[in-house]
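Undergrad:
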Amino acid sequence: MDILVVGGGGREHAIVRKLKESPHCGTLYCAPGNGGISRDAVCCDVAATDIEGMVALAREKKVDLVFVAPDDPLVAGMVDALEEAGIPAFGPRKAAAILEGSKVFSKELMKKYGIPTADYAVFDQPQEALAYVRERDRYPAVIKADGLALGKGVILCDTYEEACQAVKSLMEDKVFGASGSRVVVEEYLTGPEVSVLAFTDGKTVKPMVSAKDHKRAFDGDRGPNTGGMGNISPNPHYTQADADWCMEHIFQPTVDAMRKEGRPFKGCLFFGLMLTPDGPKVIEYNCRFGDPETQAVLPRLKTDLIEILQAVREERLADMQIQWSEKACACVVMASGGYPGSYPKGLPIEGLAADGQLSSGSADVTVFHAGTKWEGGRFVTAGGRVLGVTATADALDAALDKAYEAVGEIRFENAHYRKDIGRTR
Ligand code: AMP
Ligand code: GLY
Numbered sequence: 004m005d006i007l008v009v010g011g012g013g014r015e016h017a018i019v020r021k022l023k024e025s026p027h028c029g030t031l032y033c034a035p036g037n038g039g040i041s042r043d044a045v046c047c048d049v050a051a052t053d054i055e056g057m058v059a060l061a062r063e064k065k066v067d068l069v070f071v072a073p074d075d076p077l078v079a080g081m082v083d084a085l086e087e088a089g090i091p092a093f094g095p096r097k098a099a100a101i102l103e104g105s106k107v108f109s110k111e112l113m114k115k116y117g118i119p120t121a122d123y124a125v126f127d128q129p130q131e132a133l134a135y136v137r138e139r140d141r142y143p144a145v146i147k148a149d150g151l152a153l154g155k156g157v158i159l160c161d162t163y164e165e166a167c168q169a170v171k172s173l174m175e176d177k178v179f180g181a182s183g184s185r186v187v188v189e190e191y192l193t194g195p196e197v198s199v200l201a202f203t204d205g206k207t208v209k210p211m212v213s214a215k216d217h218k219r220a221f222d223g224d225r226g227p228n229t230g231g232m233g234n235i236s237p238n239p240h241y242t243q244a245d246a247d248w249c250m251e252h253i254f255q256p257t258v259d260a261m262r263k264e265g266r267p268f269k270g271c272l273f274f275g276l277m278l279t280p281d282g283p284k285v286i287e288y289n290c291r292f293g294d295p296e297t298q299a300v301l302p303r304l305k306t307d308l309i310e311i312l313q314a315v316r317e318e319r320l321a322d323m324q325i326q327w328s329e330k331a332c333a334c335v336v337m338a339s340g341g342y343p344g345s346y347p348k349g350l351p352i353e354g355l356a357a358d359g360q361l362s363s364g365s366a367d368v369t370v371f372h373a374g375t376k377w378e379g380g381r382f383v384t385a386g387g388r389v390l391g392v393t394a395t396a397d398a399l400d401a402a403l404d405k406a407y408e409a410v411g412e413i414r415f416e417n418a419h420y421r422k423d424i425g426r427t428r
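So the mapping is simple: our numbering equals the position in the sequence shown, first residue as 1, plus 3.
The structure is reproduced here in structure tokens:
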């Protein structure tokens, strides 16, 4: 099968490398891809959000499947456009991707079907949102933009003044555009966070092994939120009892609810969970593989990924046995100095061979490229998150040691990475 992967980050690199392991895999394309991905797939210069361009590319290359990885094209309906053009695609249609595209939709769905989540209220008028915050008088207040906001649409406010600022920037200054036309004000929850990605064909749901993200930029979970500075799998907080409980009360009910709403979800559904003192609750849904979660989870997948994708498309997931490695996996993100704020690009990266992997060729270590370019015979930085340095080992500590050893072999000016991935609470 010739396959086109849509996207160009570390997640897409991890997907490309896993697809390549399959004996069913023919020519692999990635659009737009990046420097590292270009060593493993044919990169094509079409933006991930360009729906018409992607349909044309898939036609021109006569691919057998398009794997749409990022949120924006899924929420905008890229899978619908591909399928209407007769091109098989992996990922939810627009009507299902709304689970990530609208927090108001997802909260109302959870309320209607009794899926545990934080209490909330929805507002489309700034004054009403603030009156509610003032009357409730409980802090931190959690204020969320309804729509997609580059992962930055959640604001935790410690005071009423901060809430005023948050409501103003989302609803009046519209820093995330129309995403902030409506806001959700939510109860503040506490407890360890767990990421669970799951394959679902609209009826059956098969959770993958769990992961733990590290969203803050600096050690000790300090600093601004980022797309994710590192990830480990499995998540040490998530027990088999939690997994069983979530299957019964969250995973299957969500998939059933979407089907009942006439919005069957086919693809990868990402459950952002919090293990609160009152039990697991949904913090958010994503309609796609997570990044960097995918970089720590997919290396542990033993079953042929292409066979799983086909089972999802053909609604045969119930018959599929999906096997995972018992090993632990750790991914440390090396970012450009300044990320998630502004940062320079084009800095040469040392320590990588022409195939994008460690020059020392360390077994058990894979370097997933997130923001790199192959230029003049070497890799240079080209994004905020630059590399996801990933290692597997029998136990988490050993995987972390190997990943950090590999990080030490890679250099670029002002490289920033957290030193405590996998070692925080
Ligand atoms: P989200 O983009 O919805 O995943 O939110 C980003 C981060 O904000 C989450 O990973 C949590 O750490 C935090 N967060 C979101 N909602 C809540 C909540 N209701 N209570 C506490 N923290 C939250
Ligand atoms: N790492 C979280 C996400 O992909 O949204």
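Yeah, the Cβ is synthetic: ideal placement off N, Cα and C, and Gly gets one too.
Mind checking which residues open and close the alpha helix (DSSP H) that includes K21?
TA: That run of the alpha helix (DSSP H) goes 13-23.
Undergrad: Roughly how many whole angstroms lie between the Cα atoms of V208 and R303?
TA: The straight-line gap from Cα to Cα measures roughly 18 Å.
Undergrad: For the alpha helix (DSSP H) containing G56, list its first residue and its last residue.
TA: That run of the alpha helix (DSSP H) goes 54-63.
Undergrad: At what residues does the alpha helix (DSSP H) containing Y116 begin and finish?
TA: From DSSP, the alpha helix (DSSP H) with Y116 extends over 106-116.
Undergrad: Can you tell which of G233, G374, D176 has its C-alpha closest to the C-alpha of K218?
TA: Checking every option, the nearest Cα to that of K218 belongs to G233.
Undergrad: Measuring CA to CA, which of A418, D358, L403 is closest to A385?
TA: Nearest option by C-alpha distance: A418.
Undergrad: Rounded to a whole number of angstroms, what is the C-alpha to C-alpha distance between E190 and K64?
TA: Distance between the alpha carbons of E190 and K64: 49 Å.
Undergrad: Quick one: grab the DSSP three-state call for C47.
TA: C47: coil per DSSP, three-state reduction.
Undergrad: Less than 7 Å between C-beta atoms, sequence neighbours within five positions excluded: which residues of the same chain meet that for Q326?
TA: Within the same chain, Q326 has close Cβ partners K305, T306.
Undergrad: What whole-angstrom Cβ distance do P237 and V199 have, given they're in contact under 8 Å?
TA: Their Cβ separation, rounded to whole angstroms, is 10 Å, which puts P237 and V199 out of contact at 8 Å.
Undergrad: Closer than 6 Å by C-beta to D122: which residues in its own chain qualify, once you throw out the five before and the five after it? Chain order, please.
TA: Excluding positions up to five away in sequence, the list reads E190.
Undergrad: If you compare alpha carbons, which of V125, D140, I6 is closest to M174?
TA: Nearest C-alpha to M174: V125.
Undergrad: Compute the beta-carbon to beta-carbon distance between Y420 and A338, rounded to the nearest angstrom, for a pair I have assumed lies under 8 Å.
TA: Contact flag correct, Cβ pair sits at about 7 Å.
Undergrad: In the DSSP assignment, find the unbroken alpha helix (DSSP H) run with R388 in it and report its ends.
TA: No alpha helix (DSSP H) contains R388, which is instead part of the beta strand (DSSP E) from 388-396.
Undergrad: If contacts are defined as beta-carbon pairs under 8 Å, then A409 and V392 qualify, I think. What distance do you get, rounded to the angstrom?
TA: Indeed, because the Cβ distance is near 5 Å, the residues count as touching under 8 Å.
Undergrad: Just list the residues that DSSP pairs T369 with in beta bridges.
TA: DSSP lists T393 as partners of T369.
Undergrad: Excluding the 5 residues preceding and the 5 following D245 in the sequence, name in chain order all residues of the same chain whose CB lies nearer than 8 Å to its CB.
TA: These residues qualify, in order along the chain: V197, L278, P283.
Undergrad: Counting only the same chain and skipping the five closest in sequence on each side, list residues whose C-beta sits under 6 Å from that of Q1.
TA: Given that the chain is displayed from residue 4 to residue 428, the structure contains no residue 1 and the question cannot be resolved.
Undergrad: Among residues of its own chain, excluding the 5 on either side of D83, which ones have a beta-carbon nearer than 7 Å to its beta-carbon?
TA: Contacts found: R96, K97.
Undergrad: Suppose the cutoff is 8 Å on Cβ atoms and the five residues either side in sequence are ignored; what does the same chain contact list for W248 look like?
TA: G282, P283, listed in sequence order.
Undergrad: Just to confirm the assignment, what range does the alpha helix (DSSP H) spanning T257 have?
TA: 255-263 is the extent of the alpha helix (DSSP H) around T257.
Undergrad: Got a sec, what are the start and stop residues for the beta strand (DSSP E) M277 sits in?
TA: 269-279 is the extent of the beta strand (DSSP E) around M277.
Undergrad: Tell me whether K422 sits in a helix, a strand or coil according to DSSP, three-state version.
TA: Coil at K422, not helix or strand.
Undergrad: Name, in chain order, the residues that DSSP records as bridge partners for Y288.
TA: According to DSSP, which records beta bridges pairwise, Y288 is partnered with F274.
Undergrad: With which residues is M4 paired in a DSSP beta bridge?
TA: In DSSP, M4 forms no bridge with anything.
Undergrad: Give me the Cβ distance between K155 and V187, rounded to the nearest whole Å; I'm assuming they're in contact under 8 Å.
TA: No, K155 and V187 are not in contact; Cβ-Cβ is about 15 Å, not under 8 Å.
Undergrad: Rounded to whole angstroms, what's the CA-CA distance from V368 to T395? Just pull it up for me.
TA: Going by the C-alpha atoms only, they are around 7 Å apart.
Undergrad: Could you check how far apart the C-beta atoms of P267 and G205 are, in whole angstroms? I think they sit under 8 Å.
TA: About 3 Å separates the two Cβ atoms, so the contact holds.
Undergrad: Opposite G233 in the DSSP bridges: which residues?
TA: According to DSSP, which records beta bridges pairwise, G233 is partnered with V335.
Undergrad: With a threshold of 8 Å, are at least 3 pairs of Cβ atoms found where one atom belongs to the region 309-318 and the other to the region 327-337?
TA: Counting Cβ pairs under 8 Å, fewer than three are found: no touch.
Undergrad: Once you ignore the five residues that flank P91 on each side, which residues in its own chain have a CB closer than 6 Å to its CB?
TA: Only L68 meet the Cβ criterion.
Undergrad: Got a sec: is the Cβ-Cβ distance from D367 to anything in chain D below 8 Å?
TA: This model lacks chain D altogether, as it is built from one protein chain only.
Undergrad: Sorted by chain position, which residues of the same chain lie with C-beta nearer than 8 Å to G38's C-beta, five sequence neighbours on each side aside?
TA: Same-chain partners within the cutoff: G359, H372, T375, K376, W377, E378, F382, V383, A385.
Undergrad: My guess is that H252 and P195 are in contact by the Cβ rule of under 8 Å, so how many angstroms apart are they, rounded?
TA: With a Cβ gap of about 18 Å, H252 and P195 do not count as contacting.
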